[in-house]
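What follows is a single structure, written as structure tokens, with notes after it.
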Amino acid sequence: MTETNFLLAEFCRNRLALIGAVIIGIIVLCAIFAPLIAPFDPAEQNLRERLQTPSIQHPFGTDDLGRDIFSRVVFGSRISLSIGICVVGITALFGTILGLLSGYGGRAIDEVIMRFVDIMLAFPSIILALIIAGLLGPGVVNVIIALSLTQWPAYTRLVRGMTLSMKEKEFVEAARALGASDTYILRKHILLNASNPIIVLATMDIAQTIIFAAALSFLGLGIQPPTPEWGSMLKAGIPYLRSATYITFFPGILLMLTVLAFNFIGDGIRDTLDPHTKEMTLVK
Amino acid sequence: MYAYIVKRLALVFLVMSGVTVITFGAMYLAPGDPAEIIATARYGQDLTPGQIEWVRSTEHLDDPVYIQYLTWLNHIIRLDLGRSLITFDDVAEEIAVRFPTTLTLALASLILSLCIGIPVGIISALHKNAFLDYTTTSIALLGVSMPNFWLGLILIWFFSLYLRVLPSFGSGGISHLILPAVTLGASMAAITMRLMRSSMLDVMGQEYIATARAKGLDKRTVLFRHALKNALLPVITFSGLQLGFLLGGTVIVETIFAWPGIGKLLVDSIYARDYSMIQGCVLLIGLLFAITNLAIDLLYASIDPRIRYDRHD
Numbered sequence: 001m002t003e004t005n006f007l008l009a010e011f012c013r014n015r016l017a018l019i020g021a022v023i024i025g026i027i028v029l030c031a032i033f034a035p036l037i038a039p040f041d042p043a044e045q046n047l048r049e050r051l052q053t054p055s056i057q058h059p060f061g062t063d064d065l066g067r068d069i070f071s072r073v074v075f076g077s078r079i080s081l082s083i084g085i086c087v088v089g090i091t092a093l094f095g096t097i098l099g100l101l102s103g104y105g106g107r108a109i110d111e112v113i114m115r116f117v118d119i120m121l122a123f124p125s126i127i128l129a130l131i132i133a134g135l136l137g138p139g140v141v142n143v144i145i146a147l148s149l150t151q152w153p154a155y156t157r158l159v160r161g162m163t164l165s166m167k168e169k170e171f172v173e174a175a176r177a178l179g180a181s182d183t184y185i186l187r188k189h190i191l192l193n194a195s196n197p198i199i200v201l202a203t204m205d206i207a208q209t210i211i212f213a214a215a216l217s218f219l220g221l222g223i224q225p226p227t228p229e230w231g232s233m234l235k236a237g238i239p240y241l242r243s244a245t246y247i248t249f250f251p252g253i254l255l256m257l258t259v260l261a262f263n264f265i266g267d268g269i270r271d272t273l274d275p276h277t278k279e280m281t282l283v284k
Numbered sequence: 001m002y003a004y005i006v007k008r009l010a011l012v013f014l015v016m017s018g019v020t021v022i023t024f025g026a027m028y029l030a031p032g033d034p035a036e037i038i039a040t041a042r043y044g045q046d047l048t049p050g051q052i053e054w055v056r057s058t059e060h061l062d063d064p065v066y067i068q069y070l071t072w073l074n075h076i077i078r079l080d081l082g083r084s085l086i087t088f089d090d091v092a093e094e095i096a097v098r099f100p101t102t103l104t105l106a107l108a109s110l111i112l113s114l115c116i117g118i119p120v121g122i123i124s125a126l127h128k129n130a131f132l133d134y135t136t137t138s139i140a141l142l143g144v145s146m147p148n149f150w151l152g153l154i155l156i157w158f159f160s161l162y163l164r165v166l167p168s169f170g171s172g173g174i175s176h177l178i179l180p181a182v183t184l185g186a187s188m189a190a191i192t193m194r195l196m197r198s199s200m201l202d203v204m205g206q207e208y209i210a211t212a213r214a215k216g217l218d219k220r221t222v223l224f225r226h227a228l229k230n231a232l233l234p235v236i237t238f239s240g241l242q243l244g245f246l247l248g249g250t251v252i253v254e255t256i257f258a259w260p261g262i263g264k265l266l267v268d269s270i271y272a273r274d275y276s277m278i279q280g281c282v283l284l285i286g287l288l289f290a291i292t293n294l295a296i297d298l299l300y301a302s303i304d305p306r307i308r309y310d311r312h313d
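Same order as they appear, the protein sequences are chains Z and V. Taking this note's numbering, the leading residue of the first sequence gets 1, the next gets one more, and so forth. Taking this note's numbering, the leading residue of the second sequence gets 1, the next gets one more, and so forth.
Here it is, written out as structure tokens:
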């Protein structure tokens, strides 16, 4: 308990991380209480009030169909956050399992899994996601499938590396000598020690996933209107870029703030959990 | 060294075989009958069963899957990527026309990001924890977090619509290249800057730097002769590895700016479900990526002998 308190205090001392946590907190609350916060129905069209500049009634203005952009941005946070969390949950779980198998399961299994990882990494992952999403067709579930199928190798590589170095350590040998089973060693020793870098990777990965999902929707291959989603809102604003810049401005700002906040938190967690890598950069 | 090269080449061969399987297999992800999808793409919604059957037999879609794969593989080995399912253009020819345009954009972004990222990273490292350092690192973090499609739209709004000084779409002279290159290069410049900063700080903390200073060399000589050379190495290697990142980015940037390269070709082919064109683009990207990685690995192994023994064990 004292250790948790200590780490929490350390994390809070990092101002940027704290700002990030506050921003994410606000956005999560917005997503949960969207129907209470949004003044209008995000899908409700009102052609009489189309393309209105930001005002007290419509803080972010209205789009070409007279929908309130503020309400759409608020509801859009639900989609972006749930896709980010779902995809990272799925990929972290399966990527970690494959990494443990690869690092602990012997040479043959390792060879098969790692060569598969090599093949997956032979494409920029956004391109593979784009093709899968394009072939499956639009929709939230298909975006999650496309991103999950392409984002896992980072976890496998990370966990495999940790497992390989960890299983030679004395405490693992000691546990084995005491008769601990493989699953016990994997769970209690290796996974527990590998969990810090996994958490850091996952936090930063949420940011990456949210950008990718918005990019797919921006290209028209992800979430389609009328569902409020930040990327597809940006796309819908392009024809009005000159006359009504606020249509593209606000969803973009929210997207950037969310991503920035997750990056702040990721940096903060890493610095807190592992002070040695304080100077390490955000490079995957 | 030879053993390492052979091992590495074998891996490239394996990866490329895998790439062909994925490229070919992706087509079967699409729900529905491939013959019907191709026929719809080609002739529109009102299909007769005859048209579907005709597509099925002319495209050999009634053969078993592995026969189809082997036939296809046999063609692509001879660089015959087939014809577009929709326009009947030769895929290899179309890609050959588009590729230099993408390469121009990617190289321009790479050069831009290095020209910004390296000097700013050095300055930031030299003023560690000062106001200048905080400002530049904050801007860099903003750059990493900014989605490039949003940055692109904002740049179009400001420079093409508001100031009207730069064109917002198409390719032509240098003026057409500026906005797409900045959009694509911005986040990479930010990453390069962060990497350069930490690499510089790392090197400046080494003992040989203190030794050089102690023997009376002036600050400038130490900085440029001793520190910079060593600090640049990881940055340059990383830039090579970023080719994939750039190729991924071109898909979005080329679409925003209607830049007629491979990325836009790929996206347009996905919209049209033009499978042979998609396969051609993906194969090219996979091949480019594999070759760059191979080149970097070999370069690295020739510089640093430890790598030859340490990796792939």
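The beta carbon of each residue, even a glycine, is placed where N, CA and C say it ideally should be. Just so we're clear, the structure is a prediction, and the values are computed from it rather than from any experiment.
*List, in order along the chain, the chain Z residues whose C-beta lies closer than 8 Å to that of SER171/V?*
Sequence index remark: in the second sequence, residue 171/V carries index 171 (1-based). By Cβ distance, chain Z contributes nothing, its closest Cβ being about 19 Å from SER171/V, past 8 Å.
*Would you grab the beta carbon distance between THR250/V and GLY240/V for me? Rounded to a whole angstrom, and I think it's under 8 Å.*
Here residue 250/V is taken as the residue at index 250 of the second sequence, counted from 1. Here residue 240/V is taken as the residue at index 240 of the second sequence, counted from 1. Their Cβ separation, rounded to whole angstroms, is 17 Å, which puts THR250/V and GLY240/V out of contact at 8 Å.
*Taking the alpha-carbon positions, what's the ILE38/V to PRO31/V distance?*
Against the second sequence, residue 38/V aligns to sequence position 38. Against the second sequence, residue 31/V aligns to sequence position 31. In a straight line, the C-alpha of ILE38/V is about 12 Å away from that of PRO31/V.
_Does chain V have any CB closer than 8 Å to the CB of ASN142/Z?_
Residue mapping note: residue 142/Z aligns to position 142 of the first sequence, counting from 1. No, because no Cβ of chain V sits closer than 8 Å to the Cβ of ASN142/Z.
*Assigned secondary structure, ASP62/V (DSSP; H/G/I helix, E/B strand, else coil)*: Taking the second sequence and counting its residues from 1, the one referred to as residue 62/V is at position 62. For ASP62/V, the three-state secondary structure derived from DSSP is coil.
_Where TYR2/V falls, given that 16 or more other Cβ within 10 Å makes a residue buried_ = The residue you call residue 2/V lines up with position 2 of the second sequence. Looking at its Cβ environment, which holds fewer than 16 other Cβ atoms inside 10 Å, TYR2/V is exposed.
_Taking the beta carbon of GLN45/V as the centre, do at least 16 other beta carbons fall within 10 Å, making it buried, or is it exposed?_
Residue 45/V sits at position 45 when you count from the first residue of the second sequence. GLN45/V should be labelled exposed.
*What does PHE83/V pair with, by DSSP beta-bridge criteria?*
Position 83 of the second sequence, counted from the first residue, corresponds to residue 83/V. Correcting the residue identity first, residue 83/V is Arg in this sequence and not Phe. BP columns for ARG83/V point to ASP90/V.
*Please list the partners that ILE285/V has in chain Z, where partner means a Cβ-to-Cβ separation under 9 Å.*
Position 285 of the second sequence, counted from the first residue, corresponds to residue 285/V. Neighbours of ILE285/V on chain Z, chain order: ALA122, PHE123, PRO124 and ILE127.
_Local conformation of THR183/Z per DSSP, three classes_ = On the first sequence, residue 183/Z is found 183 positions in, with the first residue counted as 1. In this structure, THR183/Z counts as helix in the three-state DSSP scheme.
*Taking only beta-carbon positions, decide if ALA26/V is within less than 8 Å of chain Z.*
Locating residue 26/V in the second sequence gives position 26, counting from the first residue. Yes, ALA26/V lies at the interface with chain Z (some Cβ there is under 8 Å from its Cβ).
*Mind checking if LEU260/Z is an interface residue toward chain V, Cβ cutoff 8 Å exclusive?*
Here residue 260/Z refers to the residue found at position 260 of the first sequence. For LEU260/Z, the answer is yes, since a Cβ of chain V falls inside 8 Å of its Cβ.
*Where does THR227/Z fall in DSSP's three states?*
Here residue 227/Z refers to the residue found at position 227 when the first sequence is read from its first residue. The answer is coil: DSSP assigns THR227/Z none of H, G, I, E or B.
*The alpha helix (DSSP H) with ILE22/V in it runs from where to where?*
If you number the second sequence from 1, residue 22/V lands on position 22. That run of the alpha helix (DSSP H) goes 2-26.
_Sequence ranges, alpha helix (DSSP H) only - wholly within the region 261-286 of chain V, length at least 4_ = 262-272
*asked:* Distance check for MET196/V and ILE86/V, CA to CA, integer angstroms please.
replied: Within the second sequence, the letter at position 86 stands for residue 86/V. Within the second sequence, the letter at position 196 stands for residue 196/V. Cα to Cα, the separation comes out at about 47 Å.
*Quick one: Cα of ASP297/V to Cα of ARG160/Z, how far?*
Reading the second sequence from its first residue, position 297 is the one you call residue 297/V. Reading the first sequence from its first residue, position 160 is the one you call residue 160/Z. Taking the straight line joining both Cα atoms gives about 20 Å.
*Which residues in the same chain as LEU147/Z place their Cβ atom closer than 7 Å to its Cβ, once the five residues preceding and following it in sequence are excluded?*
The count along the first sequence starts at 1 and reaches residue 147/Z at position 147. So the qualifying residues of the chain are VAL87, ALA129, THR209, PHE212 and ALA213.
_Under 9 Å by beta carbon: chain Z residues contacting SER109/V_ = Taking the second sequence and counting its residues from 1, the one referred to as residue 109/V is at position 109. By Cβ distance, chain Z contributes nothing, its closest Cβ being about 14 Å from SER109/V, past 9 Å.
*Rounded to whole angstroms, what's the CA-CA distance from LEU179/V to PHE238/V? Just pull it up for me.*
Within the second sequence, numbered from 1, the residue matching residue 179/V stands at position 179. Within the second sequence, numbered from 1, the residue matching residue 238/V stands at position 238. Roughly 24 Å separates the two Cα atoms.
_For PRO93/Z and ILE198/Z, what's the separation of their Cα atoms in angstroms?_
In the first sequence, the residue the question calls residue 93/Z occupies position 93. In the first sequence, the residue the question calls residue 198/Z occupies position 198. In the sequence on display, residue 93/Z carries Leu and not Pro. So the two alpha carbons sit approximately 10 Å from each other.
_Euclidean distance between Cα positions of ALA210/V and LEU233/V_ = Reading the second sequence from its first residue, position 210 is the one you call residue 210/V. Reading the second sequence from its first residue, position 233 is the one you call residue 233/V. Cα-Cα distance, rounded: 20 Å.
*For ASP310/V, which three-state DSSP category applies?*
Residue 310/V sits at position 310 when you count from the first residue of the second sequence. With a pLDDT of 49 at ASP310/V, under the threshold of 50, the modelled position of this residue cannot be trusted, and the question is left open.
*My understanding is that LEU255/Z touches PRO147/V, with C-beta atoms under 8 Å, so please give their C-beta distance in whole angstroms.*
On the first sequence, position 255 is the one that residue 255/Z refers to. On the second sequence, position 147 is the one that residue 147/V refers to. About 6 Å; that satisfies the 8 Å criterion.
_Bounding residues of the alpha helix (DSSP H) (the contiguous stretch that carries TYR208/V)_ = In the second sequence, the residue the question calls residue 208/V occupies position 208. From DSSP, the alpha helix (DSSP H) with TYR208/V extends over 207-214.
_Taking the straight line between their C-alpha atoms, what separation do you get for LEU184/V and HIS60/V?_
Taking the first residue of the second sequence as 1, we reach residue 184/V at position 184. Taking the first residue of the second sequence as 1, we reach residue 60/V at position 60. Spanning the two alpha carbons is a distance of roughly 40 Å.
*Buried or exposed: where does GLY216/V fall if 16 or more other Cβ atoms within 10 Å of its Cβ makes it buried?*
One-based indexing of the second sequence puts residue 216/V at position 216. Its Cβ having fewer than 16 others within 10 Å, GLY216/V is exposed.
*Are LEU47/Z and GLY99/Z close, meaning C-beta to C-beta below 8 Å?*
Numbered from 1 along the first sequence, position 47 holds the residue referred to as residue 47/Z. Numbered from 1 along the first sequence, position 99 holds the residue referred to as residue 99/Z. For LEU47/Z and GLY99/Z, no; Cβs fall outside 8 Å.
_Range covered by the alpha helix (DSSP H) that runs through GLU170/Z_ = To locate residue 170/Z, count along the first sequence from 1; it is residue 170. Unbroken alpha helix (DSSP H) run through GLU170/Z: 170-177.
*asked:* Please report whether the beta-carbon of PHE70/Z lies at a distance below 8 Å from any beta-carbon of chain V.
replied: Stepping through the first sequence from its first residue, residue 70/Z is reached at position 70. No - not a single Cβ of chain V is within 8 Å of the one on PHE70/Z.
_Considering Cα atoms alone, identify which of VAL19/V, ALA231/V, ILE156/V and ASP268/V is closest to ALA122/Z._
On the first sequence, residue 122/Z is found 122 positions in, with the first residue counted as 1. Ranking the options by Cα distance to ALA122/Z, first place goes to VAL19/V.
*asked:* Is there a C-beta anywhere in chain Z that falls below 8 Å from the one on PHE257/V?
replied: Working through the second sequence from its first residue, we reach residue 257/V at position 257. Judged by the 8 Å Cβ criterion, PHE257/V is not in contact with chain Z.
_Proximity below 8 Å, CB of ASP223/Z to CB of ILE79/Z_ = Your numbering for residue 223/Z matches position 223 in the first sequence. Your numbering for residue 79/Z matches position 79 in the first sequence. Here residue 223/Z turns out to be Ile, not Asp, going by the sequence shown. Yes, Cβ-Cβ distance for ILE223/Z and ILE79/Z is below 8 Å.
*Pick from ALA34/Z, LEU65/Z and PHE218/Z that is closest to LEU151/V, judged by C-alpha positions*: For the purposes of this step, residue 151/V is identified with residue 151 of the second sequence, where counting begins at 1. Residue PHE218/Z is the option with its Cα nearest to LEU151/V.
*Would you call ASN142/Z buried or exposed, if buried means 16 or more other Cβ atoms sit within 10 Å of its Cβ?*
Translated into the one-based positions of the first sequence, residue 142/Z becomes position 142. Classification of ASN142/Z: buried, given that the 10 Å Cβ count is 16 or more.
*Excluding the five sequence neighbours on either side, which residues of its own chain have a C-beta within less than 6 Å of the C-beta of MET120/Z, listed in chain order?*
The sequence position of residue 120/Z within the first sequence is 120, counting from 1. Excluding sequence neighbours, MET120/Z sits near PRO153.
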